[in-house]
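FYI, numbering that gives the first Met the number 0 numbers position 297 of the sequence shown as 296, with every residue one higher than the one before it.
These notes concern the structure reproduced below.
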Amino acid sequence: MRTGNEAPHPRNAYVNGKVVPIAEASISILDRGFLFGDGVYEVTAILNGQLVDNPAHLARLERSLSEIGLRSPVPLSELPERMQSFVTSEGVREGMLYLQITRGADTSRAFPFPDPEKIPPTLVMFAMEKKLIDAPVAETGTRAITVPDIRWSRRDIKSVSLLGQVLCKQAAVAAGVDEALLVEDGFITEGSSSGVCILTRNDVLVSRPARRDLLDSITRKAAHLLAGELSIPIEERPFTSEEALNAKEVFCTSASTLIHGVVAIDGHMIGDGKPGPVTRRLRELYLEIAGSEPVIVHNPVFP
Ligand code: PMP
Numbered sequence: 000m001r002t003g004n005e006a007p008h009p010r011n012a013y014v015n016g017k018v019v020p021i022a023e024a025s026i027s028i029l030d031r032g033f034l035f036g037d038g039v040y041e042v043t044a045i046l047n048g049q050l051v052d053n054p055a056h057l058a059r060l061e062r063s064l065s066e067i068g069l070r071s072p073v074p075l076s077e078l079p080e081r082m083q084s085f086v087t088s089e090g091v092r093e094g095m096l097y098l099q100i101t102r103g104a105d106t107s108r109a110f111p112f113p114d115p116e117k118i119p120p121t122l123v124m125f126a127m128e129k130k131l132i133d134a135p136v137a138e139t140g141t142r143a144i145t146v147p148d149i150r151w152s153r154r155d156i157k158s159v160s161l162l163g164q165v166l167c168k169q170a171a172v173a174a175g176v177d178e179a180l181l182v183e184d185g186f187i188t189e190g191s192s193s194g195v196c197i198l199t200r201n202d203v204l205v206s207r208p209a210r211r212d213l214l215d216s217i218t219r220k221a222a223h224l225l226a227g228e229l230s231i232p233i234e235e236r237p238f239t240s241e242e243a244l245n246a247k248e249v250f251c252t253s254a255s256t257l258i259h260g261v262v263a264i265d266g267h268m269i270g271d272g273k274p275g276p277v278t279r280r281l282r283e284l285y286l287e288i289a290g291s292e293p294v295i296v297h298n299p300v301f302p
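This is how it looks when you write it as structure tokens:
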């Protein structure tokens with residue numbers, strides 16, 4: 000019986016141009032994504048059957064590809080159409096689309112890049128239903144712990160090498176909470192799978208600038224724009240875990256959970272232990288806009 004709480008499950012996968020049932024979808028064990036984590040990915044939210052802010056996700060994908068010297072097997076200009084028609088054919092109305100490009104299957108297992116003319120990159124996609132609008136986390140908020148940020152130094156690249164994030168998230172789960180806030184030199188970089196912002200006691204939104212040490216969350220950029228519309232001042236600067244503990248509100252951002260409150264950090268309650276009013280308003284505004292128009296279309300990700 001379905002309880003509505005099962006893990007999302009894709010029906011089919013797009014594998015190098017073919018759509019196949021997920022159980023039959025396969026790639027070579029020699030794929031460099033599998034052997035080296037040599038690839039990049041994107042996750043785009045789906046609302047009303049439409050990809051949300053996909054131009055921004057594709058701009059970030061283009062940048063990730065270029066930073067690792069990988070060429071998409073499909074011209075990037077053709078990807079929006081392929082992604083949207085796959086989502087439509089999958090019938091997913093609310094959820095997310097996962098897209099991954101890896102450096103292909105090379106029999107040599109040599110570390111240097113293979114010749115891309117001989118070894119074509121691998122492109123896979125799958126779509127999953129997920130409750131984004133009435134997500135329980137919007138009401139309950141997320142409880143988090145802080146953990147050392149053990150990841151590599153190019154976190155701006157949305158790499159499939161996610162072992163650091165996996166270990167941090169698992170530490171959170173082992174501690175009985177939902178998210179790990181990653182700390183480096185006393186400052187929070189981001190969540191294990193989300194961006195993080197705080198609202199100070201003076202009602203200033205503080206958000207760490209996007210450099211090489213964190214992923215430039217598309218949803219966080221949208222939150223900045225929406226905060227601007229609410230005339231909330233924004234300071235783009237690093238903030239400490241201490242500041243987060245003492246903040247009026249803390250929220251996380253990601254395409255798969257949108258904007259949602261953090262209600263406890265390391266067992267200390269944030270605010271009154273519920274998602275705060277600004278967080279709720281930002282989420283509401285995001286949902287109002289996201290289903291109908293690109294949230295950050297006028298604010299290119301990499302100007
Ligand atoms: N930071 C990290 C480390 C993430 O894994 C994610 C989500 N994949 C994000 C931030 C959020 O990015 P976005 O809003 O673009 O989904």
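Every residue gets a Cβ at the ideal spot worked out from N, C-alpha and C, and that includes glycine.
The structure presented is a predicted model; accordingly, all values stated were derived computationally and were not measured.
Are the CB atoms of residue i and residue j nearer to each other than 8 Å?
i      : j      : result
ARG282 : LEU229 : no
ARG31  : THR101 : yes
PRO72  : LEU34  : no
GLY68  : PHE125 : no
THR188 : ASP148 : yes
ARG108 : LEU162 : no
SER240 : THR145 : yes
THR252 : THR218 : yes
GLY275 : LEU198 : yes
GLY158 : GLY36  : Here the sequence assigns Ser to residue 158, which means Gly is not the residue at that position. Taking 8 Å as the Cβ cut-off, SER158 and GLY36 qualify as a contacting pair.
GLU41  : ARG59  : yes
HIS259 : VAL172 : no
LEU257 : ALA44  : yes
Distance cutoff 8 Å, beta carbons only. Does residue i sit that close to anything in chain D?
i    : result
HIS8 : In summary, chain D is missing from the structure at hand, where a single protein chain is found.
So what does residue i bridge to, in DSSP terms?
i      : result
THR87  : Answer is none; THR87 lacks a bridge partner.
ARG142 : ALA263
PHE125 : ALA12 and TYR97
ASP30  : ALA104
CYS167 : For CYS167, which the question treats as bridged, DSSP gives no partner whatsoever.
LEU204 : LEU198 and ILE233
LYS247 : DSSP lists no partner for LYS247.
THR314 : In the structure displayed, the chain extends from 0 to 302; residue 314 sits before or after that span and is not available.
ALA179 : ILE144
THR256 : Beta-bridge pairing links THR256 to no other residue.
ILE269 : Paired residue(s): none; ILE269 is not in a bridge.
VAL39  : ILE100 and SER158
VAL18  : TYR13
ALA44  : MET95
SER216 : DSSP lists no partner for SER216.
State the Cα-Cα distance for the pair residue i and residue j, rounded to the nearest angstrom.
i      : j      : result
ALA254 : PHE110 : 32 Å
SER193 : GLY103 : 28 Å
PRO302 : ASP215 : Reliability fails at PRO302, whose pLDDT of 32 lies under 50, so the model's placement of it is uncertain and the value that follows must be treated cautiously. Their Cα atoms are separated by approximately 13 Å.
LEU166 : ALA143 : 14 Å
THR139 : PRO79  : 34 Å
LYS273 : VAL203 : 19 Å
PRO20  : ILE231 : 47 Å
ALA24  : PRO208 : 39 Å
ARG210 : ARG200 : 26 Å
LEU389 : ALA134 : Residue numbering for the chain in the displayed model covers 0 to 302; residue 389 lies beyond these limits and cannot be assessed.
ASN53  : PHE85  : 14 Å
ARG70  : TYR13  : 18 Å
ALA222 : VAL249 : 12 Å
TYR285 : ASN11  : 29 Å
ALA170 : ASN15  : 35 Å
PRO299 : VAL51  : Unreliable positioning characterises PRO299 in this predicted model, as indicated by a pLDDT of 41, which lies under 50. The coordinate reading is nonetheless provided below. So the two alpha carbons sit approximately 14 Å from each other.
PHE238 : ASP114 : 43 Å
SER206 : LEU46  : 26 Å
GLY38  : GLU235 : 29 Å
LYS17  : ILE233 : 45 Å
ASP212 : GLN164 : 13 Å
HIS297 : ALA55  : Any reading at HIS297 is ruled out, since the residue's pLDDT is 42, under 50, leaving its predicted position unreliable.
GLU89  : LYS220 : 28 Å
Quick check: is any heavy atom of the ligand ZN less than 7 Å from the C-beta of residue i?
i      : result
GLY260 : By its list of ligands, the structure shown excludes the ligand ZN, since it contains just the ligand PMP.
- Would you call the segment 115 to 124 and the segment 154 to 162 in contact, with 3 or more CB pairs under 8 Å? The segment 115 to 124, when compared against the segment 154 to 162, does not touch it at the 8 Å Cβ threshold.
- Inter-stretch contact at 8 Å, needing at least 3 Cβ pairs: the segment 129 to 139 / the segment 76 to 94: The segment 129 to 139 makes contact with the segment 76 to 94: 3 or more CB pairs, one atom from each, lie closer than 8 Å.
- Query: Okay, do the segment 263 to 272 and the segment 238 to 246 touch, 3+ Cβ pairs below 8 Å being the bar?
  - Reply: A contact exists between the segment 263 to 272 and the segment 238 to 246.
- Message: Using 8 Å as the cut-off, can you tell me whether the segment 174 to 184 makes contact with the segment 63 to 74, which would need three or more C-beta pairs spanning the two stretches below that distance?
- Response: The segment 174 to 184 makes no contact with the segment 63 to 74, as fewer than three CB pairs between them are under 8 Å.
- Is the segment 189 to 208 close to the segment 169 to 180, with three or more CB pairs under 8 Å? Yes, since at least three Cβ pairs between the segment 189 to 208 and the segment 169 to 180 fall closer than 8 Å, the two stretches touch.
- Message: Report the start-end ranges of each beta strand (DSSP E) in the segment 54 to 118 that is 3 residues or longer and not cut off at the edges.
- Response: As far as the segment 54 to 118 is concerned, its whole beta strand (DSSP E) runs of at least 3 residues are 94 to 101.
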